[in-house]
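When we follow our numbering, the leftmost residue of the sequence shown carries the number 57, and every step to the right adds one.
Right, one structure below, let's go through it.
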Amino acid sequence: MKTKPSLEQAFCIVALLGIQDLKVPLHSHLVAERLDISTSYLKKIVQKLAAGGIVKTVSGRDGGIVLTKDPLKITLLDIFNAIEGTTPFVHNTGLASKVFGLDQKEAFIKTYELEDFKDTRPVANVLGIFSQAEDRFRQELATLAIGDVLPTTGNQSLQLDWTKWLTRKTAE
């Protein structure tokens, strides 16, 4: 499975916003600058995250991007689904059954005069293994919230306004 490059960027955006003071929208141009991507590309990622109910944009001079809910309620699966979608990784078209004639097992046994024909894991079921692996993958992503991986101070998640950090003048 290969994911889109925007998946990693989406995780970073949500993590930045998870630390951002929830009352202060983070300016899009600062996020794009920090991620070293164009604002138009950021907009595409933010649109997908917004469609997934993870972020929203606030217009105006003091506008920007904010999370729509507590970071502890946003799972890695939510972010993954927003960017990659929920379409299964592998699609069973029935080709293996057609190629191997597995729907004609009795005729196959009779033609070859087989006495001991076992197909407890027929080739047609191999794609089921991929499906099970995908289910486990998605279940694992659902167990971890973005809030679980953010830095804390004391017993609380760190909350700050990234604007101060992202706009600071560094001494060279």
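Every residue, glycine too, gets a C-beta built ideally from N, C-alpha and C.
Note that the structure is predicted; figures quoted are calculated from it, not measured.
Item                                                                                                                    : Value
Under 9 Å between C-beta atoms of S84 and V146                                                                          : no
Distance between G203 and Q212 (C-alpha atoms, nearest Å)                                                               : 10 Å
First and last residue of the uninterrupted alpha helix (DSSP H) at K112                                                : Counting along the chain, K112 falls outside any alpha helix (DSSP H), though it belongs to the beta strand (DSSP E) covering V111 to V114.
Backbone secondary structure at Q76 - three-state DSSP                                                                  : strand
8 Å CB neighbourhood of L222 in its chain, flanking five on each side removed                                           : L86, E89 and R90
Top-ranked residue by Cα proximity to A198, from E171, D217, I135 and I110                                              : I135
Neighbourhood of L200 by C-beta distance below 8 Å, restricted to the same chain and skipping five residues each side   : T131 and L132
Beta-carbon separation (whole angstroms), E196 vs P144, contact threshold 8 Å                                           : In fact, because the Cβ distance is near 16 Å, the residues do not count as touching under 8 Å.
Cut-off 7 Å between Cβ atoms - residues of its own chain near S62, not counting five sequence neighbours on either side : I101 and I139
DSSP beta-bridge partners of Q212                                                                                       : T209
Inter-residue Cα distance where the pair is V122 and K58                                                                : 28 Å
I130 in three-state terms, based on DSSP                                                                                : coil
7 Å CB neighbourhood of C68 in its chain, flanking five on each side removed                                            : L91
From V80, K79, A107 and D77, residue whose alpha carbon lies closest to that of A66                                     : A107
Opening and closing residue of the alpha helix (DSSP H) in which V182 lies                                              : V182 to A198
Element boundaries [beta strand (DSSP E), containing L123]                                                              : G120 to L123
For V182 and T142, the rounded distance between their alpha carbons                                                     : 21 Å
G116 versus N137 - alpha carbon distance                                                                                : 29 Å
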